[in-house]
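Undergrad: Dumping the structure here so I can ask a few things about it.
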Amino acid sequence: MKHLQYGLAALVLTANLAMAPARADGPGVTADTITLGSWSALTGPFAVYGVPGVAGQTAFYGKLNAEGGINGRKIRVITEDHAYNPQQAVAAARKLVNRDKVLAIQGAYGTGPSAAAFPYLQQEGAPFVMPYAGALDWYEPPRPLIVGAQTLLDYQARAVGRWAGKDGHKNVAVVHAAVAAYEKVASNVGPGVKSAIPDATVTMVPVKLGTTDYAPIALELAGKTPDAVVFIGTMQELVALAKELKQQKVKTSLYTYGGNVANDLITLGGEAVEGLRSVSLTLPVNSDAPAVAAYREALAKFAPNEKPDYGSLLTYALAMVTAEAIRNAGEPLTRESLMTGFNTLKDFDTGIIGKVTVTPERHLGTTEVIPVEIKGGQWATAGTFVDALSNW
Amino acid sequence: MHDLLPVIAAGIVSGSAYALLALGIVIIFRSTDTVNFAIGDMATLGVYIAVTAIGFGVPVAGGLLIAIVVAGGTGVLTERFLIRPLGAGHKSLFIALVVTIGLGLVIHAALGAIWGHRPTTIPAIIPGTASVFGVALTWNKIVATGIALAAMALVAWFFRFTPMGVAMRASAEDHFAARIVGINPGRIAAIAWFLGCGLAAIAAFFLAMDTSVNANLTLAALFRAFAGVFLGGLTSMPGAAIGGFAIGILDNLAGRYLSANYRDTIVFAVIVAVLFVRPSGFLGAGRKERV
Amino acid sequence: MNALSRSLLIIGIGAAVALLVGFAEGYSQFVIASVAFVSISVLAVSTLAGLTGIWSMGHMAFVAFGAYLSAQLALRGWPVEVAIPLAMIGAGSVGFLLGLSAGRFSVLYFGLLTMALSLAASEIIGHWTEVTGGDEGIAVTPAISLMLGRELDLGDAVVLCVLLATLAFLLTEIIARGPIGRRWLAIKSQRTAATAIGLKPQLDNASAFGFSAAIASLSGIGIAFSIGYLDPVGFDLNMGVKLIVATVVGGAGSLLGALLGAAFIVVVPEMARNVPAFSEFVFGIATVLTLLFLRQGIVPSIGAALKRRSKTRKPETPSDQALDSRAIAQVVGTLLPPATETLEARDLAVEFGGVKALQGVGLTLPPGRSVGLIGPNGAGKTTFLNVLSGFYQATSAEAVRLGPVDLTILKPSDRIGIGFGRTFQHAELFGDLTLRETFAVAALQGAARRRAHGLPNMTAAEVAERIIAGLNLGAVADMKPGELPFGIQKVADVGRVLATGVSVVALDEPFAGLDAGERAAIRTILQGMRAAGVSILIIDHAVQEVMGISDRVVVFEFGRLLAEGLPDEIRNHPEVLRAYFGEDAVDARKVMTA
Amino acid sequence: MSALLAARGIGHRYQGVLALNDIELDVPKGTFMAILGPNGAGKSTLAQILAGAIRPAKGQILLEGADVTARAGRQGLIRNGVALIPEGRRLFGQLTVDENLMLGAYGQPRAVREARLEKVYALMPEAVRQGKHRAAVTLSGGEQQMLVVGRALMAEPRAILIDEPSLGLAPILTAKVYDLLSGLRRGGVTVVVFEQLATHALRHADSIVVINQGEISFRGGVDDEATHEALRTGYLGH
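Written as structure tokens, this is what we have:
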């Protein structure tokens, strides 16, 4: 009989779900709270990115709330797991907007999953701000409800390509995960290299996403003897590639882009990644810049399970931008005023990422990156913030 | 084609992990008719506990032992408390399989909840690389392959020469006859699960050493191990080991000479083709149909 | 509850839920839609597993087919009402072709092949960017509905999901639980016996797979329009595995189980939403616990518990008192034409891997007569019967024919058509069918033959009813063989072959394992069949019984023909006595003749 | 003569199929008993129950007067010296002859097993002795039957229960098996044969039990007129 009860409980619960009364509070704003929604990959293979991403904003809002919030309102963030499945992201969007009545979706992780939710968000008029994700068509042409400050991967790819070119590498191999999203990003490396060395040779080497055994690829590269290898893919695979290249004694310089600028890369890659160069969106997490120090302190306090790292530092900075926009929005705080708050950000400096300027015509707040490299087992800056789109 | 031998060598190295997992799956299937979908997660659990122990100063080799014991122990408990109560027979085949799917989810979620999602590493047993057929392989991989091969040889010896091993083969062939000569089916099942999960833990440990310790450590490898199992036959232990190596080599050949992008598809196409010719795998027992 | 009221119930529930959608708030609507479209794909997997024993991990491929096809059609402005049949036809055809190979593999291996199907589908979706948007996915344009005369909005999409689910459950109720589904079940539970009554397992597996694929595609349509965005991740192997989980948890083959299974995989993670990252955890634990305590899945386990409580009636063993051979002859006479052809096997040999199971044996069964085939264990009697019924190939034979027809070139399932049928030593009844259903399935196979021979036109149900009445099975007609004594099972096995309309019947050990009363019942039935002109070949150990009913007796020993003659000749045949009782024929003769 | 094995009120059913009903039986120590009956009489079920391989639905099994019913259903009574040779032999066909025999003494120390192995090989036909490392499935039917008796002997049992030893064997081979069994009986082992074929059993057994439709219909000596009458009824009906 006990078992029957479980079944009944589930049924009753379904019924409850169907009948739950809608709360009458406005879209996420009350006298003392602002409710924001977010989604991320908390389970599955992408949790390794998703979980730190959530930790960064948790740390920032924790610190902000501890300091009194914004105009007396505390920030509450409801985060849903989508396990990097776009269909689950659509479900999350519906729950957050329809049931939880959030003011906006912010800091959401996952390009594909987030894009899947756009039609619904647009129908409901819910803003989608400062995502930990992004694609070119999100911002070009600008969409009224979408605003971000994460320099696009495409721009990062161009910048890293240019850097390889500036370093004098004429024969560049681009190893990339063979799915459309990565392919598109990787296609920007070539123009970047050529912007520095017009007659450079750039070869594309597609690899199945999720490959663990990089021996065949390393052997293939050994045959091509490139001066530099630019890797556009996940960190685990970058480590596998770096180790395999080192093993096969392929003498080449390795470059990658922002997503892989994490301490884990050094932990996992060890000597194999020493000297690796990358463009980054943030200052290194061990930087002694005051904002980064404050981040480390907040993380230790509000998300103690996460060690300081690139992902959480970035989302910490993005949350900082959101908070600034909410301040800018003033009273009453509505979805419209929030968007105005964003649209009036000018040269906002988080002290962590490039300066953020948003206008109605420019909804991607920054296109800056900073060159970094692994030196002595640590990330170190190799320059200052530059515009990825410029010929720096 | 100048790098054919190196590609095969690399294939054997990665194939050893698939072969261990495949062997583990087959040992468990033969003893209890259960396809253990949680074998990868059990092995990963063993690796996580081993890494924690290594963090407390246990030597790496000790860590490997811990991984084996934890995974094997989890297997024994699973068989005793989750699989045995389901009873035997054709009808429980998919029920047992789904129970292991559920268990795998639980372990997987627990790993994330307890140890977080960030990958960590296991230090190499022996640093440095050696050249095999002109391909550089880390000593780590060579040792790992050596241990994998040794473990398989040990298992082969166990099944071939020890009374318990012979009893397990006998039990796999005829449960009833094994019972009436005095073989305890519960003990056979326990040993099979311990061995199967323990072998998987060896595979997982070396996979982790090669890449990183993460909750999805065995995902890709397990998938190929299953391919190897079906290639060699679900009931044949040598078949599973050979199947695992075959997949490793095939995967590397496909990745190197055909398309790095479509390697899984190519591997699976080959398996489907093989199965159409030999529906129970290369070394598997044919299906008996009573008339 | 009969089929019509079940169908009406499904329509009623569907309509009620569709109405309820109007009152629910947005997110609850979405949960309802999710349960609806997931329940369709669970239903597809569950029906296939429950009715045919084929477990598919690859059904997400058909779901994806339905989803992308309907998205593409919507993009081109085709109405959803057109997308539905097109998706079903397309997925059904692909499924049919795949299903043709199912019989070649064991359950687990076919499971792997469907796993490969799922992977192949993922690869195709990932690379066929023009249609699927590749790994980045595509947003679905809202479809036009002819009935509404406008584009579907999100609320309409929820109702669409509910209607699609209703359609899927209704089709499954009508087709899979009707005569066709009975065939599938028959094949699932006894492939050999099903073949012997003329069913074609390969074709039926294929049609079941095709049907199930067509149903699954409906789920895809629901997903396309209610989610509004399609991405390969949503159709990957992970989801295929979840459908298996839902099937097992709900109970394979049960309609209500499919609904509960779907609710399980949608609602359990929903319950765990407040504990982020723990939905996997909760889902896994719930799966394990459910199966530990409800081993056969929720619905069948509860059903069995309820049945245990209510059932006290114990079926009675048949006895000859209740049976009347003249009445049986009358019934049999309306079900099948009298035999007109001679069954003949001459100089038949069978070898298995070099071992000679039969050499140079044969017998002749003239129309309307009865011949007994006896012999000690290992004589090759069953092998001989299996050659006659086509399950074994003769290594060589001068002739194996029924009248002019060469049996060696005929498939096992084609023997019914020329009037040859058989029974089985262990009855081999269809475990998932009631006796009434069993007779009805067999009756459909016999319809053509009855028509060709000008017998009265009867529906399958009428044939079943006559057999039930004639063999006095009224009290147990709606029970399944597992609940019945072996004696009744053996009687039912004979009933099954009679329903197929054959005139030549080979009975494999009809008396084995029966008590005196049961034997008498079989004897009476055989007498009735003889009186109706059926040719009978009895293969049995029960020498006395065989002698009593046979016109002639043939004796095999160690695969050879030992003796052939009238029953009385055989009774005193020294070789036969030696075969049965060894060299000490003195003792033996005492035994045989005392 | 006390009973080595005894059945008290044994009843059993398989899925509604009649198997055994209220069986009372004493197997005296050191005798050769033949339990005869036609196919489907319940012989195999009784053999398995007496050997503890399956647990009876009703009744008790006594071993030297002690109730051992509770031990049934797992490994049987092999550790208590009761060996069962089931119908169809059930050798481990993929295992070698050596391995099959060694399994007969499963759980014994190596030295014991090897000593017994030598003794048992002495009883085996030449072909079995020559083929120690062949898979058992490659032996002929007669050799397999001898081997399975050998496997049972490896346990040095006090009693051997053998189900249908003549099944599928030529009379000459069956005779050899019976000769072996008779030899064992002379050596003090209690032998119970469950048979359909009466000839050999009648020649070798000390006592006869006829079982029919799950019930014992007769028990007596070998030369009784009543035995023949009972067999006739049992096999051929009234």
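Residue numbers (my numbering), protein chains in the order written: chain C, 1499 to 1890; chain P, 1183 to 1473; chain R, 1344 to 1937; chain G, 284 to 521. All residues carry an ideal CB built from backbone N, CA and C; glycine is no exception. Here the structure is a predicted model, which is why all the values come from computation and not from measurement.
1) Mark R/R1525 as exposed unless 16 or more other C-beta atoms lie within 10 angstroms of its C-beta, in which case mark it buried.
2) By how many angstroms is the C-alpha of C/A1675 removed from the C-alpha of C/V1707?
3) Whole angstroms are fine: how far does the CA of P/V1208 sit from the CA of P/M1224?
4) Beta carbons nearer than 7 Å to chain C: which residues of the region 1467 to 1483 of chain R have them?
5) In chain order, what residues of the same chain lie with their CB nearer than 6 Å to the CB of R/V1360, ignoring the 5 residues before and after it?
6) Output needed in chain order: residues of the region 1570 to 1594 of chain C with a Cβ under 8 Å from some Cβ in chain P.
7) Check distances from the C-beta atoms of the region 1648 to 1680 of chain C to those of chain R and list, in chain order, the residues that come in under 8 Å.
8) How many Å lie between R/E1479 and R/Y1572 at the Cα?
9) What does DSSP give as the partner residue(s) for C/I1715 in the beta ladder?
10) Of all Cβ atoms in chain B, is any one closer than 8 Å to the Cβ of G/Q496?
11) What does the alpha-carbon distance come out to for the pair R/G1715 and R/V1877?
12) Going by DSSP in three states, P/V1473 sits in which element: helix, strand or coil?
13) Taking only beta carbons into account, state which residues of the region 1377 to 1398 of chain P come closer than 9 Å to chain C, listed in chain order.
14) What are the uninterrupted segments assigned as beta strand (DSSP E) that are 3 or more residues long and contained completely in the region 381 to 443 of chain G, given in chain order?
15) Kindly indicate the opening and closing residues of the alpha helix (DSSP H) around C/N1761.
16) Which residues, taken in chain order from the region 1541 to 1570 of chain R, show a beta carbon closer than 9 Å to some beta carbon of chain P?
17) Check distances from the C-beta atoms of the region 1185 to 1204 of chain P to those of chain C and list, in chain order, the residues that come in under 9 Å.
18) Kindly indicate if chain P contains any beta-carbon less than 8 Å away from that of G/P369.
19) Looking at the C-beta of G/I361, does it have a partner C-beta in chain P at a distance below 8 Å?
20) From R/Q1788, R/D1775 and R/A1783, pick the residue whose C-alpha is nearest to that of R/I1810; which is it?
21) Could you tell me which of G/G414, G/G325 and G/A453 sits nearest to G/I293, measuring between CA atoms?
22) Count the other C-beta atoms from every protein chain shown that fall within 10 angstroms of the C-beta of P/V1459, then say buried if there are 16 or more, exposed otherwise.
23) Closer than 8 Å by C-beta to R/G1891: which residues in its own chain qualify, once you throw out the five before and the five after it? Chain order, please.
24) Kindly list, in the order they appear in chain P, the residues whose Cβ is closer than 8 Å to that of R/T1630.
25) Can you find the residues in the same chain that come closer than 8 Å, C-beta to C-beta, to C/I1576, ignoring five residues on each side of it along the sequence?
26) Applying a beta-carbon distance threshold of less than 7 Å, which residues of chain P neighbour C/G1554?
27) May I have the straight-line CA-CA distance separating R/L1598 from R/L1635, to the nearest angstrom?
28) On the three-state DSSP scale, how would you describe P/L1275?
29) Excluding sequence positions up to five away, which residues of its chain have a Cβ less than 6 Å from the Cβ of R/L1679?
30) Of the choices G/N304, G/L333 and G/I491, whose alpha-carbon is the least far from that of G/A290?
31) What are the start and end residues of each continuous alpha helix (DSSP H) run of 4 or more residues lying completely inside the region 1434 to 1466 of chain R, in chain order?
32) Taking 8 Å as the threshold (C-beta atoms), are C/A1553 and C/L1797 in contact?
33) Which residue marks the beginning of the alpha helix (DSSP H) containing R/S1562, and which one marks its end?
34) Can you tell me which of the three DSSP states G/P311 falls into?
35) Helix, strand or coil for C/S1751 per DSSP?
TA: So, from the data block:
1) Here residue 1525 of chain R is taken as the residue at index 182 of the third sequence, counted from 1. Counting the other Cβ atoms within 10 Å of the Cβ of R/R1525 gives 16 or more, which makes it buried.
2) Here residue 1707 of chain C corresponds to residue number 209 of the first sequence, with the count starting at 1. Here residue 1675 of chain C corresponds to residue number 177 of the first sequence, with the count starting at 1. The residue you asked about is not Val; residue 1707 of chain C is Leu in the sequence shown. Roughly 5 Å between the two C-alpha positions.
3) Here residue 1224 of chain P refers to the residue found at position 42 when the second sequence is read from its first residue. Here residue 1208 of chain P refers to the residue found at position 26 when the second sequence is read from its first residue. Spanning the alpha carbons of P/M1224 and P/V1208 requires a straight line of approximately 16 Å.
4) Hits within the stretch, in order: G1469, T1472, G1477, D1478, E1479, G1480 and A1482.
5) Along the third sequence, one-based indexing puts residue 1360 of chain R at 17. Within the same chain, Cβ atoms closer than 6 Å to the Cβ of R/V1360 are found at V1505, the five residues on either side in sequence being excluded.
6) Residues passing the 8 Å Cβ filter: none.
7) Residues of the region 1648 to 1680 of chain C with a C-beta less than 8 Å from any C-beta of chain R: V1677, A1678 and A1679, listed in chain order.
8) Your numbering for residue 1479 of chain R matches position 136 in the third sequence. Your numbering for residue 1572 of chain R matches position 229 in the third sequence. The alpha-carbon atoms of R/E1479 and R/Y1572 are separated by roughly 10 Å.
9) As a first step, residue 1715 of chain C must be located in the first sequence, where it is residue number 217. Under DSSP, C/I1715 takes part in no beta bridge, so it has no partner.
10) Absent from the structure: chain B. Protein chains present are C, P, R and G.
11) As a working mapping, residue 1715 of chain R is identified with position 372 in the third sequence. As a working mapping, residue 1877 of chain R is identified with position 534 in the third sequence. Distance between the alpha carbons of R/G1715 and R/V1877 is about 14 Å.
12) Here the question's residue 1473 of chain P lines up with position 291 in the second sequence. Confidence in P/V1473 is poor, its pLDDT being 33 and thus under 50, which makes the residue's placement too unreliable to answer from.
13) Cβ contacts with chain C come from L1389, D1392, T1393, S1394, N1396, A1397 and N1398.
14) Taken in chain order, the whole beta strand (DSSP E) runs of length 3 or more contained in the region 381 to 443 of chain G number zero.
15) Counting from 1 along the first sequence, the entry for residue 1761 of chain C is found at position 263. Residues N1761 to G1767.
16) Residues: none.
17) Answer in chain order: D1185, P1188, V1189, A1191, A1192, G1193, V1195 and S1196.
18) Taking the first residue of the fourth sequence as position 1, residue 369 of chain G is located at position 86. Contact with chain P is found for G/P369, since one of that chain's Cβ atoms lies less than 8 Å from the residue's Cβ.
19) Residue mapping note: residue 361 of chain G aligns to position 78 of the fourth sequence, counting from 1. For G/I361, the closest Cβ of chain P is nearer than 8 Å.
20) Here residue 1810 of chain R is taken as the residue at index 467 of the third sequence, counted from 1. The shortest CA-to-CA distance from R/I1810 to any of R/Q1788, R/D1775 and R/A1783 is the one to R/A1783.
21) As a position in the fourth sequence, residue 293 of chain G is number 10, starting the count at 1. Considering only G/G414, G/G325 and G/A453, the residue with the shortest C-alpha distance to G/I293 is G/G325.
22) Numbered from 1 along the second sequence, position 277 holds the residue referred to as residue 1459 of chain P. In this structure P/V1459 is exposed. Its beta-carbon is surrounded by fewer than 16 other beta-carbon atoms within 10 angstroms.
23) As a position in the third sequence, residue 1891 of chain R is number 548, starting the count at 1. Annotation for R/G1891: R1866 and P1910 place their beta carbon closer than 8 Å to its own, counting only its chain and skipping 5 residues before and after.
24) Here residue 1630 of chain R is taken as the residue at index 287 of the third sequence, counted from 1. Contact annotation for R/T1630 against chain P: V1280, V1281, I1283, G1284 and L1287 [CB-CB distance below 8 Å, chain order].
25) What you label residue 1576 of chain C is simply residue 78 of the first sequence in a count that begins at 1. T1533, L1534, G1535, S1536, L1594, D1598 and V1600, listed in sequence order.
26) Residue 1554 of chain C sits at position 56 when you count from the first residue of the first sequence. What C/G1554 touches in chain P: nothing, since even the nearest Cβ is about 14 Å away.
27) One-based indexing of the third sequence puts residue 1598 of chain R at position 255. One-based indexing of the third sequence puts residue 1635 of chain R at position 292. Roughly 22 Å between the two C-alpha positions.
28) By 1-based counting over the second sequence, the position of residue 1275 of chain P is 93. For P/L1275, the three-state secondary structure derived from DSSP is helix.
29) Locating residue 1679 of chain R in the third sequence gives position 336, counting from the first residue. The answer, listed in chain order, is G1844 and S1846.
30) Locating residue 290 of chain G in the fourth sequence gives position 7, where the first residue counts as 1. It is G/L333.
31) Fully contained in the region 1434 to 1466 of chain R is no alpha helix (DSSP H) run of length 4 or more.
32) Residue mapping note: residue 1797 of chain C aligns to position 299 of the first sequence, counting from 1. Residue mapping note: residue 1553 of chain C aligns to position 55 of the first sequence, counting from 1. Taking 8 Å as the cut-off, the beta carbon of C/L1797 is found closer than this to the beta carbon of C/A1553.
33) Locating residue 1562 of chain R in the third sequence gives position 219, counting from the first residue. That run of the alpha helix (DSSP H) goes P1544 to I1570.
34) Numbered from 1 along the fourth sequence, position 28 holds the residue referred to as residue 311 of chain G. For G/P311, the secondary structure class from DSSP, reduced to helix, strand or coil, is strand.
35) As a first step, residue 1751 of chain C is located in the first sequence; it is residue number 253 there, counting from the start. Three-state DSSP puts C/S1751 in a strand.
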